[in-house]
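Participant:
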Amino acid sequence: MNGGHSSFAIDFGQGGNSHLFRKEGWSEPEPRYTWTTGLASSLELPRPEEPGEYLLELSVHPFVSEEKVPAQKLRVVINNAEVGDFDVRVTSSLECLLPWNLLKAGDTVAVEFAHPFAASRSAVNGEPDERLIALAFQRISLRKLQDVVDAAAAPAPFVAASPAADAAEGHVDAYGYYPSAACWVFVGWSSHRWTDALDAVTARFDDRAENTATASGFYDLPGLRGRGRGFVLAIDAKPRKHQLSKSRLLALQVATARFTLTIDGHGRTPLGVEQLDRVLRPIFASAVAESDFGAVLARLPAELAAGLPLPRPASHRERTADASAMPAAFEGHIDFCGYHAAVGGWLFCGWVTAAWPEDGAPIVIAQFVDGDVSGRPAATFYHRDEIGDRGVGVVFLLPADPGDRERLLSVAIEFPTFTTTIPATQGGAYGENALLAALRPILLHRELRPDRAGLRSRLFGASAAASPAAAAVVPPVRFGGHVDFYGYHPPAQAWFFCGWVSKSWNDADKPRLATARFERGTAGGETTLATFYYRDDLEGRGVGFVLALPSPDSDRNHLVSLDLTFADGTVALHTTAAGPNLPPRELVEWLTPLLTGGEANSNRSRLQAMLLPAAADAGRHGTQQGFVDFYGYHPIAGGWLFCGWVSREAEDATGKPTVTAQFERGDVRGEAASIHYAREDLGDRGLGIVLFMSGPGSPLGGLSSVTVDAADLSFRIYPGLATRRLREQELLSSLRGIVAGAIPGVRRDVMLAILGREGFTGADTIGQLSDRIFLELDEAIFCEPDGMVLIGWHLAKPGAVRHIRLRCGALVSTIDLDDGLRVDRPDVLAAVGTEHGFDDPRCGFIVFLPHAVDGAGTPYIEIETRRGEVGYRLVPPPKLGGIAAIRRLLECFDVRFLDVPRAYDRVVGPAVELLNKNRLETGPNVASLEFGTPPANPAFSIIVPLYGRIDFVEYQIALFSAHPPSREFEFIYVLDDPSKRREAQFLFTSVHERFRMPFRALLLDRNVGFAPANNIGLRHARGIYVCYLNSDVFPGTPDWLERLAARLAANPELGVIGPLLLYEDGSVQHQGMSFRRLSEFGGWNFGHHPGKGMQLGNAKGMRRCISITGACMLLRRALAERVRGFDEAYAIGDFEDSDLCLRLNRMGLAAAVDLEVHLFHLERKSQARAAASWRMNLTLYNAWLHERRWARAIAAHPQALAPTPFGEGPADG
Amino acid sequence: MADRAAPPRRAPRAGRGTDRLRILVAAHGHPEMSKGGAEIAAYQLFQELQARGDSDVWFMGCDRTMEADRTGAVLMQPFSAREYIYAPGDFDWFKFANRDYKFPSDFSQLLTELNPDVIHFHHYMNYGVEVFYNVRTTLPRCKILLTLHEFLAICHHYGQMITKAHRNLCYEASAIRCQRCFPEFSRSDFYLRKRYIQRFFDLVDGFTAPSRFLAERYIAWGLPAEKMHVIENVIPAVQAATPVRPIARSGPLRIGFFGQISLLKGINVLFDAAETLADDAIGEAVFEIFGDYRNQPLEFQNDFLERLPKAGRNVRFHGPYDSSRVDDLMQSVDVVLMTSIWWENSPVVIQEAFRNRRPVICPDIGGMAEKVRHGVDGFHFPVGSAIALAALVRQLAADRGILEKLAETMAAPPTAAEIVEAHMRLYREPAATGSGTNTLLGAE
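As given, the protein sequences belong to chains A and B, one line each in that order. Numbering follows numbering that gives the first Met the number 0, with no gaps: position 143 of the first sequence is 142. Numbering follows numbering that gives the first Met the number 0, with no gaps: position 295 of the second sequence is 294.
Given below as structure tokens:
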């Protein structure tokens, strides 16, 4: 290991190099790592030579146990200065920044680790290992920070054909079986190399795995750019008939002492022998000199190895000619794409290993984030120098309609014999203008076969031939040039011209004057601001230029010429007759890439700056401008990241900025975090900026601008045409380097935390946050279709938590615990709070999130701290439904007075409403049992729901049987208590045997509650009148039904009537209902029974009241059916009776009690005695519902406070 | 109500040209299997009626052990062609509702076959109070009689009308008082219980009670006075008349206690009185106990067996006796003692004592005080008072003449023939005009 370079790494595995550096406090290396022993350990590293900041990266695995050692503390001291202090809870990669001042102090670098929580396995787990261990070191690397930044910030090379090393570890391009050699052969590339002797390679097929004796050889594959090497692997396997045709390769798995590797096989079927030969021969031929294929070749059929070296593969031009020799190891890349409405399709541009014949075009499937586009493309191929022999450029068109696709992921190319998926540079599709601008030079100048597939003429029409570029081919005899396009940019108040000139100029020899002559007027002046760029189409005959001509006169039409007046004369640059006068937006779009690709000089920056402001912002006070270099969405952090630069003034922005990102199809606005960093290329003119804006990542098309509004300053940054939308991996790796190099401080920490956020993996990570934060969920209740109730507790220091969110699939709900229900949890304080210094007893919470659950997703909690860190907690899977869920929610809080409406409005009401609705969505199964012959034409149907005590049936029927006409009544008992089903059937049978009263029993297979049970009864009722009767009501006046019915018949204004109800001691239970507002219960209206518990006195006749009890009420069946019985929104049973009366009231039908007809009501005895607090809270729910519907009607009703004598007429006697 | 609408009853059997009544006597047990007073009285009546020969008589008893032997059979005849046994099933002991759904139809069918003019129930336990409804709907003109044996319809505490916790005498049942004894029930349960029982008692044509006291309690509870008849129960006949031995003039006064030895029979009152008298001159009075304690709760048995050996030499325990020996045993004592701490109704032992011309010492309450006239048939002492009892015994032991005088005034018990004749008169009596008080309206 030489210390002279700017980076090196220590491998702590067996056979690694750690013995060169380890000093005190280490155990013997194990296959992949080395444990520390004792409370401290140390290393001695060579001092790097190159001055600069260095990054020390540690890959460590802590010795932890959930109970005894939750975390290992690791302090890192370099040359006696502390550079890092970590709590390590999981396998981690830790970074320490080492300033040069610290490193340069000595000849070597002394690294000391303190790990005070070291423990022995014997003490923690009882395993026979007495070593005092803390951390297993896997790898340490020391790299120059600038290298890290450069590596991370460097745009991905266009050969993204090999996926990024962190995304995939290899690829099997082709494979097949040689029966004659009894072995499988796999061809592909791998990020790591393995050895045949020591490492195990397994080929995993969909139906089996093969891992008998293997042999491998590796070779350089230039396209991988150092990310890996090509390999050929042979695995012995006896020939089996079925495997040749049916097998699909899932993956190659390589297990070594130091890593495990999965090389994706994509589920492909094997190639035939001939095709396999065709793949292998060129590899062996070209690579044999530098690689060791001896072992592989020894296994393969002799004829493959014979005659090596084989001829080198044909160049791409030759391959194009020989279409039948399509290589199976087909590579490629899509650089950009865009939709073109006029040709009705998507255009893709990139490169492929080989051109395909026009009549043998493959099927292409372009996979976008939001759907595929597929078909046989019209394709043309073009020359690309940078690919060399490895491939050709391709442009192809896939007809599709419409074009609203967001992000291209990859393109699958299906040939008859194989399919290859080639990656694509991700990001928004090009707009039409940008697309044409990018394709123009390709299609006009570089096609291998001009206008193949007619793409050029379709896109650029007949004018293509007369393009300015074509005109430029004429070699200039003297200074000259051409204007390709031009336009006026109002914010800059300048005309811009783009074209070519035979020679660039500098400040010394620049034209004195530039005048643009239009068909109507001129524009121009002395100031000529121009920059130049390379145009390879001119083949050295000239350079491209962009020239700005400040002028207030925008009202011009067609350009005749641009006259440049030099010291020695004036040259007129002309434009084609159809030369485009571009509107501002297109002008910017066309110019931006040209400027980006131009010479980096002050003129270029000035021109860029002139193009920046949009018309709308001109003159806006305090508005600063900047560029977006790249951007992308960070799904884990739930927000957009923008990287670019802004003017220096923006640095002064204070306060918490709000960011608005304008996309083509809408805006996203959100809170922001930002950090500035120095950008040398900008000098004093600007600062680099990284912006994070939380918000949804929904596809909204290309980015238009990003506006940052801080307290005292606003600025707006714009994307250029070269601005790329990066996908997540690339975005984060680019930004990590940039942010790591920014000025240390809170803002950097926050941004690093945002970038470093890890996705939810199912593990709870709240405990790993730097701040002590507790959030536990006792219960999650799913409220179909997409609501969720969370019951739990939360403790954190004030201000430590910025956001709590529930994430599920694509949905994000912000949880504001204070908007929910706060619950006292002394148990939590006792168990956790006091120990950690929390004393808020109201740390329990219940929240309801109305649209939080996405059926496809797993819900989890995300806590974002002020430090920008994020922790997760899995939401316990909802397990309760129906009544059990309602009950669970209702039994965990106790609110009174002012807190009642809040609790019910925000949490309990909407949640129970959904739960109850869902509970009743599918009705119960109803078994109907008939006892005796039902009466033919009953006058009365008496509906009695049964719950809890069913023996009341026996009393009721026994007592009704004393009134002989009741044999002709239709009794309908609805057993709403499945637990009593068996007992009830015995009882029903016995009751019928004894009393011979016909009745019907409806047995429900689940408990539905009062209203639904009565409504089920109503559906079976046939009587003229229907009487809702509680099971604990027993006859007094024998002919009470007949008499109540007579009242209804005589008083058409009556909708519903009930009897006087008495307690068993003869005092009044019910003589009509009124309402009272109870301040203890939110000031809501509760049913009140005047005179309850008192002797009746001498009152006679009927009394009109706002409502009567549902314990006994009679109404016409037709009316009951018209109002659909009781409203089932009231859960279990409360308030539905007054709701019914109030609905009748609204129809102009009154309710009354007949004081001359009495029954006995043994109130509440029919309900379970354990009426716990949840029943009270359920009553509150029903009261809440009732209040929302009827508060105004009650307030306006004359009988709201007390019953009044009914009318004046003789019928009242 | 139902009965108002029912057709008027016919005169018994007039249309058949014979006046042989068809009578079914029904009890909740059968003496062959249980020796309770009610089933013995019922069976005795059945036998006496058969012996008279002027009617067709059947007997029905119940037994809960029989169903297991004859699966599915509801009614059976294990003893004779005139005796039926019903094997009851699920029963509600609170309101005497018979939930055995197999019973009503089989019973109705039997009723139709037997077609009795009179059904005389000696209890409604095991049948359920709905049995009256069954009879009424099956045989609308059949007369239904019910003999009341204790206060079971009124009092859930085994019909004894003493409080459950402290065994105090209870003078009137009410929902509030009953719930105090049985907090596990609600007041409305007791309200419903009463309404349920009375709804079916309404269908009974006549009640008989062996004591005026019992009758009055039921009338106060709500049964119509005009339906109430006081008739003694028939007790088993004496095997062979034993010559009456005169009360001993000298020697210790022999005081006999006969029957079940239980807490409610007041055995502790006897012990306490004996203890008070133990220091008196030996031989003045001796308590002779004849009876069985082994059917009692274990707690009581232990208590009794602990107390017995500690009792003085003036207490002698003779153990159980067969009912056929009762006359001989009573002849061997001078006076019969009752110490019951509950009301009693018409204890058989009083009839037996009178038959043997033995005066009775008893508490001053209920059926006992009614049957034993103070100073005529025997003497009263305040219920539960051992001191008063001891003083009374001292007085009687000292002056035997008092007892001798009673022998002259003491009532003679009615003979079985007389009692049966009283029943026959009731059976033949035309039905009462109404069905009695309509109690449906309860609290009104």
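We put the CB at the ideal spot given by N, CA and C, even for glycine.
1) Are A:L408 and A:L438 closer than 8 Å when you measure CB to CB?
2) Express the C-alpha separation of A:A1117 and A:P1051 in angstroms, rounding to a whole number.
3) Going along the chain, which unbroken runs of the alpha helix (DSSP H) with 4 or more residues stay wholly within the stretch 322–395 of chain B?
4) What are the start and end residues of the beta strand (DSSP E) that includes A:V63?
5) What is the rounded straight-line gap between the Cα of B:F286 and the Cα of B:R21?
6) Reducing DSSP to helix, strand and coil, say where A:V1007 ends up.
7) Does the Cβ-Cβ distance between A:M1101 and A:A1151 come in under 8 Å?
8) Less than 8 Å between the beta carbons of B:R254 and B:V334, yes or no?
9) For the stretch 1026–1070 of chain A, list the beta strand (DSSP E) runs that are entirely contained and at least 3 residues long, ordered along the chain.
10) For A:A297, which residues of its own chain have a beta-carbon under 6 Å away from its beta-carbon, when the five flanking residues on both sides are left out?
11) Using 8 Å as the limit for Cβ to Cβ distance, is B:Y85 near chain A?
12) For the ligand FMN, is there any heavy atom lying closer than 7 Å to the beta carbon of B:R186?
13) Under a three-way DSSP split, which group does B:I246 fall into?
14) State yes or no: is the beta carbon of A:K1164 nearer than 8 Å to at least one beta carbon in chain B?
15) Counting only beta-carbon atoms, is A:S989 nearer than 8 Å to chain B?
16) Would you mind telling me which residues of chain B sit closer than 7 Å to A:Y954, beta carbon to beta carbon, in chain order?
17) Under 7 Å Cβ to Cβ from A:D1215, same chain only, skipping five residues before and after it: list those, please.
18) At which residues does the beta strand (DSSP E) containing A:V570 begin and terminate?
19) Suppose contacts are defined by Cβ-Cβ distances below 8 Å. Is A:A1195 in contact with A:P1089 by that definition?
20) What does the alpha-carbon distance come out to for the pair A:L299 and A:G266?
21) Give the interface partners of A:L986 over in chain B, defined as CB-CB distance under 7 Å, in chain order.
22) Hey, A:E87 and A:L73 are a contact pair by Cβ (cut 8 Å); roughly how many whole angstroms apart?
23) Exposed or buried, what is A:F896 when buried is set at 16 or more other beta-carbons lying within 10 Å of its beta-carbon?
24) Hey, is B:T137's beta-carbon within less than 8 Å of any beta-carbon in chain A?
25) Who pairs with A:H1160 in a beta bridge, going by DSSP?
26) Distance check for A:L396 and A:S462, CA to CA, integer angstroms please.
27) What are the boundary residues of the beta strand (DSSP E) that A:T259 is part of?
28) Mind listing, in chain order, the continuous beta strand (DSSP E) runs of no fewer than 3 residues lying wholly within the stretch 831–896 of chain A?
29) Out of curiosity, what's the CA-to-CA distance linking A:L699 and A:R404?
30) Would you give the residue range spanned by the alpha helix (DSSP H) that A:V943 belongs to?
31) Can you find a CB in chain B that lies within less than 8 Å of the CB of A:A957?
32) Give the range of the alpha helix (DSSP H) segment to which A:E982 is assigned.
33) Quick check: what's the CA-CA separation for B:G258 versus B:T136?
34) Please work out which residues of its chain come closer than 6 Å, Cβ to Cβ, to A:K1164, disregarding the five sequence neighbours upstream and downstream, and give them in chain order.
35) Would the stretch 562–574 of chain A and the stretch 501–519 of chain A be scored as touching if the rule is three or more Cβ pairs under 8 Å?
36) Quick check on the DSSP output: the beta strand (DSSP E) that includes B:I118 runs from which residue to which?
Facilitator: A quick look at the data gives this:
1) no
2) 14 Å
3) 325–330, 347–354 and 365–370
4) No beta strand (DSSP E) contains A:V63, which DSSP labels as neither H nor E.
5) 48 Å
6) coil
7) yes
8) The question names Arg, but residue 254 of chain B in the sequence shown is Ile. Yes, they are a contact pair.
9) 1032–1034, 1053–1061 and 1067–1069
10) none
11) no
12) Looking for the ligand FMN in the displayed structure turns up nothing, as the structure carries no ligands at all.
13) coil
14) Annotation note: pLDDT 47 at A:K1164 (below 50); position unreliable, coordinate value reported separately. Chain B contact via Cβ: present.
15) yes
16) L191 and Y195
17) Since the first residue of chain A shown is 0 and the last is 1212, residue 1215 of chain A is not available in this structure.
18) G568 to T574
19) no
20) 24 Å
21) R98
22) Going by the sequence as given, residue 87 of chain A is Val instead of Glu. With 8 Å as the limit, A:V87 and A:L73 qualify as a contact, their Cβ atoms being about 5 Å apart.
23) exposed
24) no
25) A:V1032
26) Unreliable placement is indicated for A:S462, whose pLDDT of 41 sits below 50; the coordinate value is still reported in the next sentence. The straight-line gap from Cα to Cα measures roughly 20 Å.
27) T259 to R267
28) 843–848, 859–864 and 869–873
29) 10 Å
30) Looking at the DSSP string, A:V943 is not in any alpha helix (DSSP H); the run it does join, the beta strand (DSSP E), is F939 to L945.
31) yes
32) R980 to F994
33) 41 Å
34) Here the model assigns A:K1164 a pLDDT of 47, short of 50, so the residue's position is not dependable, and the following value carries that caveat. Cβ neighbours of A:K1164 beyond the five flanking positions: D1031.
35) yes
36) V117 to F120
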